[in-house]
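In our numbering, the protein residues as written are 13 to 170. Built from N, CA and C at the ideal position, the CB exists for glycine as well. Input: a single structure, listed below in structure tokens.
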């Protein structure tokens with residue numbers, strides 16, 4: 013499943029709506045914490061592509077290793093990818109307290125189970141993955157993963 017993104021900030025909302033629809037169609041309801049987190053990750057990755065590259069991009073959503081557990085719930089991995097034609101590597105920034113931007117990759121680092129990027133042709137592909145546990149498995153505890161550290165401060169994903 014993929015969506016072509018124009019280099020326009022209005023595309024971020026369209027990407028979130030598309031992701032919600034695709035997740036629901038894959039059996040991940042909008043009120044599941046993993047769905048809310050995935051939509052936030054879509055927002056951050058697409059915003060970065062639109063704002064920092066000025067190039068069209070492609071958003072992909074992949075479900076891998078999906079299987080049904082004994083209780084009828086689904087488990088597997090959801091992978092988000094944003095590919096663009098800009099060859100500039102993603103660079104996490106340390107945003108000032110009053111800054112309105114600069115926290116996107118720190119959020120991705122804190123919320124995704126895994127993330128990274130690869131060069132692809134004349135551009136790059138940034139990806140992140142979230143594991144969806146089997147039904148009945150405990151939800152991850154909030155605030156237990158350090159997303160970024162700066163000086164004497166550590167910021168946690170909440």
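Query	Result
Beta-carbon proximity list for residue 184, same chain, < 8 Å, skipping 5 on both sides	Since the first residue of the chain shown is 13 and the last is 170, residue 184 is not available in this structure.
Residue 59 beta carbon less than 8 Å from that of residue 90	no
Stretch pair the segment 122 to 130 + the segment 32 to 47: three plus CB contacts closer than 8 Å	no
DSSP state of residue 143 mapped onto helix, strand, coil	strand
Alpha carbon of residue 137 to alpha carbon of residue 22, nearest angstrom	21 Å
Cβ of residue 34 within 8 Å of any chain C Cβ	Within the model displayed, chain C is absent; a lone protein chain is all it includes.
Buried or exposed (CB count within 10 angstroms, at least 16 for buried), residue 63	exposed
Whole-Å CB distance - residue 31 paired with residue 54, under 8 Å assumed	4 Å
Limits of the unbroken beta strand (DSSP E) element including residue 131	126 to 132
Rounded separation between residue 102 and residue 40 - CA only	29 Å
Close Cβ partners of residue 13 (< 6 Å) along its chain, the five nearest in sequence each way excluded	34, 73
Distance between residue 70 and residue 99 (C-alpha atoms, nearest Å)	15 Å
Under the three-state DSSP convention, the category residue 23 falls into	helix
Per-residue DSSP class, three states only, for residue 69	strand
Length of the line joining the Cα atoms of residue 29 and residue 52	11 Å
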